[in-house]
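Novice: Just so you know, this note's numbering puts 377 at position 112 of the sequence shown, and the rest follows in order with no gaps. C-beta atoms are modelled at their ideal positions from N, C-alpha and C, and glycine is treated no differently. Input: one structure, supplied below.
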Amino acid sequence: MHWNPDIYVPPLPWSHTADWKPPRNIKTVAGPVIAKSEVWDNLRDMPEVDASVRYEFYPGVPYFISSTCMRINETVNCLALRNAEMVFKRELITHAAWYDAVRDTIIVYDVANMPDLTDLKMDADVPWITFFNKEKSV
266 MHWNPDIYVP PLPWSHTADW KPPRNIKTVA GPVIAKSEVW DNLRDMPEVD
316 ASVRYEFYPG VPYFISSTCM RINETVNCLA LRNAEMVFKR ELITHAAWYD
366 AVRDTIIVYD VANMPDLTDL KMDADVPWIT FFNKEKSV
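Shown next as C-alpha coordinates:
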(Lines of atoms letter the chains of each structure in order from A and count residues from 1; the text may use other names and numbers.)
(Lines give C-alpha, C1' and ligand atoms only; values in the text may rest on other atoms or scores of the structure.)
Protein backbone atom coordinates (compact mmCIF):
# COMPACT_ATOMS: atom_id res chain seq x y z
CA MET A 1 0.00 0.00 0.00
CA HIS A 2 1.34 3.42 -0.78
CA TRP A 3 0.01 6.94 -0.58
CA ASN A 4 0.57 8.04 -4.12
CA PRO A 5 1.25 11.69 -5.00
CA ASP A 6 1.69 11.81 -8.76
CA ILE A 7 1.72 14.03 -11.81
CA TYR A 8 0.97 13.58 -15.51
CA VAL A 9 2.95 15.79 -17.90
CA PRO A 10 2.50 14.48 -21.46
CA PRO A 11 4.29 13.20 -23.42
CA LEU A 12 5.98 11.74 -20.31
CA PRO A 13 4.23 8.86 -18.53
CA TRP A 14 2.59 9.31 -15.12
CA SER A 15 5.20 9.84 -12.42
CA HIS A 16 4.38 8.56 -8.92
CA THR A 17 6.12 8.38 -5.57
CA ALA A 18 5.44 4.64 -5.83
CA ASP A 19 8.00 4.64 -8.67
CA TRP A 20 10.83 5.39 -6.24
CA LYS A 21 13.10 2.34 -6.04
CA PRO A 22 13.92 3.60 -3.34
CA PRO A 23 13.78 7.39 -2.87
CA ARG A 24 17.11 9.16 -2.38
CA ASN A 25 16.16 10.36 1.11
CA ILE A 26 14.86 8.15 3.90
CA LYS A 27 14.57 9.04 7.58
CA THR A 28 13.22 6.46 10.04
CA VAL A 29 12.60 6.70 13.77
CA ALA A 30 11.38 3.72 15.79
CA GLY A 31 10.73 3.63 19.49
CA PRO A 32 8.17 2.60 22.09
CA VAL A 33 5.89 5.62 21.45
CA ILE A 34 6.11 6.09 17.67
CA ALA A 35 7.52 4.53 14.53
CA LYS A 36 7.90 7.12 11.78
CA SER A 37 9.20 6.91 8.25
CA GLU A 38 9.79 9.93 6.03
CA VAL A 39 10.86 9.65 2.39
CA TRP A 40 11.43 12.35 -0.20
CA ASP A 41 12.88 12.82 -3.66
CA ASN A 42 12.02 14.34 -7.00
CA LEU A 43 9.49 12.36 -9.02
CA ARG A 44 10.77 9.89 -11.62
CA ASP A 45 11.74 11.64 -14.88
CA MET A 46 10.42 14.86 -13.36
CA PRO A 47 13.24 16.88 -11.74
CA GLU A 48 10.91 19.91 -11.61
CA VAL A 49 8.68 18.22 -9.00
CA ASP A 50 9.65 17.16 -5.47
CA ALA A 51 7.46 14.99 -3.27
CA SER A 52 7.55 13.59 0.23
CA VAL A 53 5.59 10.96 2.15
CA ARG A 54 5.48 10.47 5.92
CA TYR A 55 3.98 7.53 7.81
CA GLU A 56 3.40 7.56 11.58
CA PHE A 57 2.51 4.42 13.52
CA TYR A 58 1.50 4.42 17.19
CA PRO A 59 1.15 1.36 19.44
CA GLY A 60 -2.33 0.14 20.25
CA VAL A 61 -4.21 1.99 17.50
CA PRO A 62 -5.74 0.30 14.44
CA TYR A 63 -4.68 3.02 11.97
CA PHE A 64 -1.66 5.02 10.87
CA ILE A 65 -1.24 8.66 9.92
CA SER A 66 0.12 9.55 6.51
CA SER A 67 0.95 12.99 5.20
CA THR A 68 2.24 13.96 1.78
CA CYS A 69 3.56 17.01 0.04
CA MET A 70 4.38 17.98 -3.54
CA ARG A 71 6.45 20.99 -4.55
CA ILE A 72 6.51 22.25 -8.14
CA ASN A 73 9.94 23.89 -8.49
CA GLU A 74 9.61 24.93 -12.14
CA THR A 75 6.64 25.47 -14.41
CA VAL A 76 5.30 22.27 -15.95
CA ASN A 77 2.25 21.85 -18.17
CA CYS A 78 0.44 19.01 -16.47
CA LEU A 79 -2.91 17.41 -17.22
CA ALA A 80 -3.27 15.90 -13.75
CA LEU A 81 -1.78 16.41 -10.32
CA ARG A 82 -2.98 14.07 -7.57
CA ASN A 83 -2.12 13.87 -3.93
CA ALA A 84 -4.85 11.69 -2.43
CA GLU A 85 -4.77 8.14 -3.68
CA MET A 86 -4.12 4.84 -1.93
CA VAL A 87 -2.67 2.12 -4.12
CA PHE A 88 -2.83 -1.55 -3.18
CA LYS A 89 -1.14 -4.43 -4.93
CA ARG A 90 -4.27 -6.13 -6.23
CA GLU A 91 -2.81 -9.65 -5.99
CA LEU A 92 -2.67 -9.27 -2.20
CA ILE A 93 -6.40 -8.64 -1.79
CA THR A 94 -9.02 -11.42 -1.67
CA HIS A 95 -11.86 -9.64 0.19
CA ALA A 96 -13.34 -6.22 0.91
CA ALA A 97 -15.55 -5.41 3.88
CA TRP A 98 -17.27 -2.36 5.38
CA TYR A 99 -19.81 -1.50 8.02
CA ASP A 100 -23.35 -0.80 6.81
CA ALA A 101 -24.91 1.47 9.47
CA VAL A 102 -28.44 1.17 8.03
CA ARG A 103 -28.44 -2.63 8.35
CA ASP A 104 -26.13 -2.60 11.40
CA THR A 105 -23.98 -5.28 9.81
CA ILE A 106 -20.63 -5.83 8.13
CA ILE A 107 -20.80 -6.41 4.38
CA VAL A 108 -18.09 -8.74 3.00
CA TYR A 109 -17.30 -9.28 -0.70
CA ASP A 110 -15.01 -11.88 -2.23
CA VAL A 111 -13.07 -9.71 -4.70
CA ALA A 112 -10.37 -12.20 -5.72
CA ASN A 113 -11.96 -12.79 -9.13
CA MET A 114 -13.77 -9.46 -9.47
CA PRO A 115 -12.23 -7.77 -12.53
CA ASP A 116 -13.04 -4.22 -11.44
CA LEU A 117 -13.48 -3.03 -7.86
CA THR A 118 -15.76 -0.25 -9.10
CA ASP A 119 -18.44 -2.96 -9.09
CA LEU A 120 -18.54 -2.64 -5.29
CA LYS A 121 -21.51 -0.52 -4.21
CA MET A 122 -21.66 1.14 -0.81
CA ASP A 123 -22.99 4.28 0.84
CA ALA A 124 -20.80 7.35 0.42
CA ASP A 125 -20.37 7.75 4.18
CA VAL A 126 -19.34 4.30 5.40
CA PRO A 127 -17.41 4.70 8.67
CA TRP A 128 -14.70 2.26 7.58
CA ILE A 129 -13.63 -0.08 4.79
CA THR A 130 -10.98 -2.77 4.81
CA PHE A 131 -9.27 -4.90 2.19
CA PHE A 132 -7.78 -8.21 3.32
CA ASN A 133 -6.41 -11.54 2.26
CA LYS A 134 -8.37 -14.29 4.01
CA GLU A 135 -5.93 -17.07 3.11
CA LYS A 136 -2.85 -15.21 4.41
CA SER A 137 -4.62 -13.53 7.37
CA VAL A 138 -3.41 -10.11 6.22
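1. Going straight from the alpha carbon of LEU308 to that of THR282, what length do you get?
2. Please report the straight-line C-alpha distance between GLU321 and TRP393, rounded to a whole angstrom.
3. Hey, out of ALA366, ASP384, SER280, ILE372, whose CA is closest to GLU313's CA?
4. For THR340, which three-state DSSP category applies?
5. State yes or no: is the C-beta of VAL403 within less than 8 Å of the C-beta of LEU357?
6. Can you give me the start and stop residues for the beta strand (DSSP E) that LYS301 sits inside?
Specialist: In brief:
1. For LEU308 and THR282, the gap between their C-alpha atoms comes out near 6 Å.
2. 19 Å
3. SER280
4. coil
5. yes
6. 300-308 is the extent of the beta strand (DSSP E) around LYS301.
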